[in-house]
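Engineer: Numbering (UniProt numbering), first residue to last: 1 to 762.
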């Protein structure tokens with residue numbers, strides 16, 4: 001069958017022929033787009049089988065408009081609508097065997113997996129650009145889908161179900177981790193039954209954990225009237241600790257997110273240690289944030305981890321209050337942007353609600369645009385070579401923080417490639433830049449990409465940014481449905497860029513200067529999570545639809561990669577604290593935000609895979625779902641539970657994850673033994689709550705027994721476990737971690753079509 005409907009172009013001189021009225025559409029719009037038979041109920045059978053809980057039918061006003069125009073010449077608007085419909089129908093009927101372009105070649109993430117069967121290889125549809133030249137639709141009728149050029153009519157956008165979840169006046173977009181899965185409903189139902197029984201011991205344990213969490217989260221000092229430069233300086237820790245925290249930050253985060261000019265920062269730091277009160281307040285603010293980020297990697301035993309965590313949260317709060325003080329306008333400069341970038345990275349690394357980070361990231365983008373960072377500095381007059389390079393680095397960091405917060409919160413990135421023309425940072429070391437006002441004025445010569453420098457990791461991140469931005473738009477577009485063809489296209493494009501970067505990283509191994517394990521793992525985390533979220537909705541359907549096998553394989557590979565650095569034994573982490581190479585492992589324990597949520601989504605998929613194998617008669621459904629043994633998958637989940645225990649010992653008051661995954665392991669053990677799992681789940685829940693209660697009790701006693709400090713500048717009082725504006729408030733994403741009402745709203749049996757996805761809230 002040949003496809004291709006010529007699109008007639010009418011002129012004023014042409015004779016308009018009255019068209020025969022089109023037969024009214026009786027099928028739902030989703031079945032019409034997929035071209036499958038509809039049984040005309042609501043929701044129809046095909047939509048239910050594809051995972052949709054609601055389907056829509058063509059509005060009555062469209063039929064009325066057709067009837068009005070059926071007796072005469074069609075209006076311009078109706079001609080455009082008919083033309084748009086016919087073109088989109090023609091595009092959807094293109095054969096799937098069109099050869100993919102070089103950019104869409106699928107490259108493996110890891111080796112060691114069986115080759116994909118030919119019948120399951122992903123295919124993408126190519127649409128000729130010639131057809132788009134015939135379209136004469138007004139701009140308001142052309143809606144771009146994630147920057148891919150796909151068009152969606154107004155009626156289609158109105159009829160598309162909301163993707164995401166509404167919960168307590170908050171919207172969680174499609175890429176938010178809460179929308180991951182509902183595969184663990186039985187375990188959650190057992191939770192719900194135990195927690196609602198006021199007479200049960202589990203209810204009492206949970207109530208006690210809630211009380212202890214409130215003590216640990218108490219923050220009486222975070223809302224002081226103001227923080228001047230003197231107050232900021234008084235928060236700086238003692239020099240030995242401060243030196244170590246600065247060193248940790250400069251060798252880790254700063255090598256990936258280029259924010260500071262390291263030689264300049266070292267000079268300012270030396271001046272501060274000589275005369276703390278003679279240093280500018282903006283540097284002190286930057287120093288506090290650097291120390292806060294360094295605390296995510298601190299492995300010393302001289303200070304309790306939860307005490308240092310509380311101090312870090314206070315440093316962040318003090319800096320945020322200083323930035324938002326009445327003299328905020330005077331800080332609208334490059335130094336102020338550096339401080340705000342450090343603050344945003346700290347918010348991503350500490351608990352505080354990803355939605356608030358997304359809001360702050362949007363404000364930071366606008367502040368950067370106000371300073372002209374979105375323009376390439378080569379076009380701006382009177383800009384030194386040092387400032388040119390710093391502006392490019394800052395803009396690259398700001399863009400990446402924006403799309404990271406978009407994926408984390410489920411909100412759209414609110415920026416596109418057409419909004420800026422700033423070039424990539426140069427592949428140079430900081431020593432090549434002269435920051436002095438009377439510098440040489442000659443731009444430093446960039447080194448080839450094959451030579452590793454202090455900016456190479458940021459350059460690699462920026463090479464992936466255009467497609468990651470496209471993925472973020474596609475995932476969180478509010479008025480369109482995800483299609484598998486588009487998912488494969490974007491995934492192939494991103495995988496090709498990632499594979500190119502990984503080949504480049506491997507080539508650095510022969511050089512004297514090469515990337516550290518922390519740099520490579522953080523690069524993987526910041527990029528792989530986009531692929532994982534992109535393929536996740538289709539991967540969990542692969543059990544029933546082999547067409548999605550490729551997404552299943554991608555998600556399994558990525559999940560194992562994101563979880564690979566987890567400690568393998570309870571005591572292995574303590575040993576790793578002594579090694580410089582284990583910075584990333586410490587970050588997994590002491591960090592929060594994306595460093596908690598990205599492995600969380602990965603372990604969720606591993607658990608789904610494990611349950612699928614168990615439910616399908618011990619995994620004997622062929623090689624598709626049996627590439628990894630159940631024992632290996634079980635071990636990965638068990639190691640993640642050990643990680644959660646370490647996080648609680650380090651000061652995290654979020655205990656739901658530890659409780660839930662312990663219960664899930666008990667459920668899996670019962671399934672393997674072919675026995676009912678309810679008693680095992682309840683026993684595991686009790687053990688986990690008792691463990692968490694002991695940890696929280698020790699933490700609360702340490703807070704209440706502290707006199708506020710253990711030395712000048714190290715605050716150990718009742719500091720909060722969340723950032724200002726999000727803790728102890730009902731609107732916070734983290735404030736409901738032990739809130740029964742919120743828990744039940746998420747796992748209750750009654751769900752509206754737009755409140756069906758959330759299943760767990762840690």
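Every residue gets a Cβ at the ideal spot worked out from N, C-alpha and C, and that includes glycine.
#1: I need the DSSP call for residue 23, collapsed to helix, strand or coil.
#2: Out of 257, 250, 273, 275, which has the shortest C-alpha to C-alpha gap to residue 263?
#3: Among 594, 378, 55, which one has its Cα closest to the Cα of residue 30?
#4: Contact between the segment 340 to 352 and the segment 263 to 277 is defined here as three or more beta-carbon pairs at a separation below 8 Å; is this criterion met?
#5: Leaving out five residues before and five after residue 357 in sequence, what residues of the same chain have Cβ atoms less than 8 Å from its Cβ?
#6: Determine whether the beta carbon atoms of residue 205 and residue 690 lie at a separation below 9 Å.
#7: What's the C-alpha gap between residue 458 and residue 338?
#8: Quick one: give me the first and last residue of the alpha helix (DSSP H) that residue 671 is part of.
#9: Return helix, strand or coil for residue 767, following the three-state DSSP convention.
#10: Is the segment 691 to 700 touching the segment 206 to 215, taking contact as three or more C-beta pairs under 8 Å?
#11: Taking three-plus beta-carbon pairs below 8 Å as touching, is the segment 481 to 499 in contact with the segment 417 to 437?
#12: Can you tell me whether residue 635 is buried or exposed, with buried defined as 16 or more other CB within 10 angstroms of its CB?
#13: Thinking just about the alpha-carbon of each residue, which of 45, 460, 323 is nearest to the one in residue 360?
#14: Measure the alpha-carbon distance for residue 656 versus residue 185 and round it to whole angstroms.
#15: Judging by CA-CA distance, which residue of 456, 543, 247 is the nearest neighbour of residue 506?
#16: Would you say residue 613 reaches chain B, if we count a Cβ-Cβ gap shorter than 9 Å as a contact?
#17: Would you kindly report the start and end of the unbroken alpha helix (DSSP H) that includes residue 213?
#18: May I have the straight-line CA-CA distance separating residue 198 from residue 600, to the nearest angstrom?
#19: Starting from the C-beta of residue 469, find all residues in its chain whose C-beta is less than 8 Å away, skip the five residues before and the five after it, and write them out in chain order.
#20: For the alpha helix (DSSP H) containing residue 55, list its first residue and its last residue.
#21: Are residue 583 and residue 248 closer than 9 Å when you measure CB to CB?
#22: Quick test of your reading: residue 650 and residue 305, contact by CB under 8 Å. State the CB separation rounded to the nearest angstrom.
#23: I'd like to check one pair, residue 589 with residue 646: are the Cβ atoms closer than 9 Å?
#24: Are residue 388 and residue 259 close, meaning C-beta to C-beta below 9 Å?
#25: Report the rounded CA-to-CA distance for residue 367 versus residue 535, giving the unit in angstroms.
#26: Would residue 401 and residue 371 qualify as a contact pair, given that the criterion is a beta-carbon distance under 9 Å?
#27: Mind checking which residues open and close the alpha helix (DSSP H) that includes residue 184?
#28: Restricting to runs no shorter than 4 residues, where is the alpha helix (DSSP H) found entirely within the segment 255 to 299?
#29: Can you tell me the Cβ-Cβ gap for residue 241 and residue 318, rounded? I've got them flagged as a contact below 8 Å.
#30: Using 10 angstroms around the beta-carbon of residue 500, count the other beta-carbons present and answer buried if the total reaches 16, otherwise exposed.
#31: Just to confirm before moving on: does the CB-CB distance between residue 216 and residue 587 stay below 9 Å?
#32: What do you reckon, are the CB atoms on residue 454 and residue 430 nearer than 9 Å?
#33: State the start and end residues of the unbroken alpha helix (DSSP H) segment that holds residue 345.
#34: What residue from 474, 449, 235 has the CA that sits closest to residue 411's CA?
#35: Classify residue 519 as buried or exposed, calling it buried when 16 or more other Cβ atoms lie within 10 Å of its own Cβ.
#36: Given this structure, state the Cα-to-Cα distance separating residue 461 from residue 510, to the nearest angstrom.
Structural biologist: Walking through what the data contain:
#1: In the structure shown, residue 23 sits in coil (DSSP, three-state: anything other than H, G, I, E or B).
#2: Ranking the options by Cα distance to residue 263, first place goes to 250.
#3: Minimum Cα-Cα distance from residue 30 among the listed residues 594, 378, 55 corresponds to 55.
#4: No, the segment 340 to 352 does not touch the segment 263 to 277.
#5: Sequence-distant Cβ neighbours of residue 357 in its own chain, meaning closer than 8 Å and more than five residues away, are 344, 347, 348, 405, 408, 409, 593.
#6: The answer is yes: Cβ separation under 9 Å.
#7: Looking at the backbone, the Cα of residue 458 and that of residue 338 are separated by about 16 Å.
#8: Annotation: the continuous alpha helix (DSSP H) that includes residue 671 extends over 656 to 672.
#9: What is shown of the chain runs 1 to 762, which leaves residue 767 out entirely.
#10: The segment 691 to 700, when compared against the segment 206 to 215, does touch it at the 8 Å Cβ threshold.
#11: Too few Cβ pairs lie closer than 8 Å, so no.
#12: The residue in question, residue 635, is exposed, as its Cβ has fewer than 16 Cβ neighbours within 10 Å.
#13: Its Cα nearest to that of residue 360, the residue 323 stands out among 45, 460, 323.
#14: If you take the alpha carbons of residue 656 and residue 185, they lie about 15 Å apart.
#15: Nearest in C-alpha terms to residue 506, of all of 456, 543, 247, is 456.
#16: Within the model displayed, chain B is absent; a lone protein chain is all it includes.
#17: Counting along the chain, the alpha helix (DSSP H) containing residue 213 begins and ends at 201 to 217.
#18: Their backbone Cα atoms lie some 30 Å apart in a straight line.
#19: Hits under 8 Å: 147, 399, 403, 413, 415, 416, 417.
#20: That residue, residue 55, is in no alpha helix (DSSP H); it is neither H nor E in DSSP.
#21: Judged by their CB atoms, residue 583 and residue 248 are nearer to each other than the 9 Å cut-off.
#22: In this structure, residue 650 and residue 305 form a Cβ contact; the two beta carbons are roughly 4 Å apart against a cut-off of 8 Å.
#23: A contact, by the Cβ cut-off of 9 Å.
#24: No.
#25: One Cα belongs to residue 367, the other to residue 535, and the distance between them is close to 34 Å.
#26: No; because the gap between Cβ atoms is not below 9 Å, this pair is not in contact.
#27: Taken as a continuous stretch (DSSP letters only), residue 184 belongs to no alpha helix (DSSP H), as it is neither H nor E.
#28: Runs of the alpha helix (DSSP H) spanning 4 or more residues and lying entirely within the segment 255 to 299 occur at 262 to 274, 281 to 295, in chain order.
#29: Residue 241 to residue 318, Cβ: 17 Å. No contact.
#30: By the neighbour-count rule (16 or more Cβ atoms within 10 Å), residue 500 is not buried but exposed.
#31: When the beta-carbon positions are compared, residue 216 and residue 587 stay at least 9 Å from each other.
#32: It is a contact, given that the beta carbons lie within the stated cut-off.
#33: Looking at the DSSP string, the run of the alpha helix (DSSP H) that includes residue 345 is 334 to 349.
#34: Taking each of 474, 449, 235 in turn and checking the Cα distance to residue 411, the smallest one comes out for 474.
#35: Per the 10 Å Cβ criterion, buried.
#36: Near 22 Å, if we compare the C-alpha coordinates of residue 510 and residue 461.
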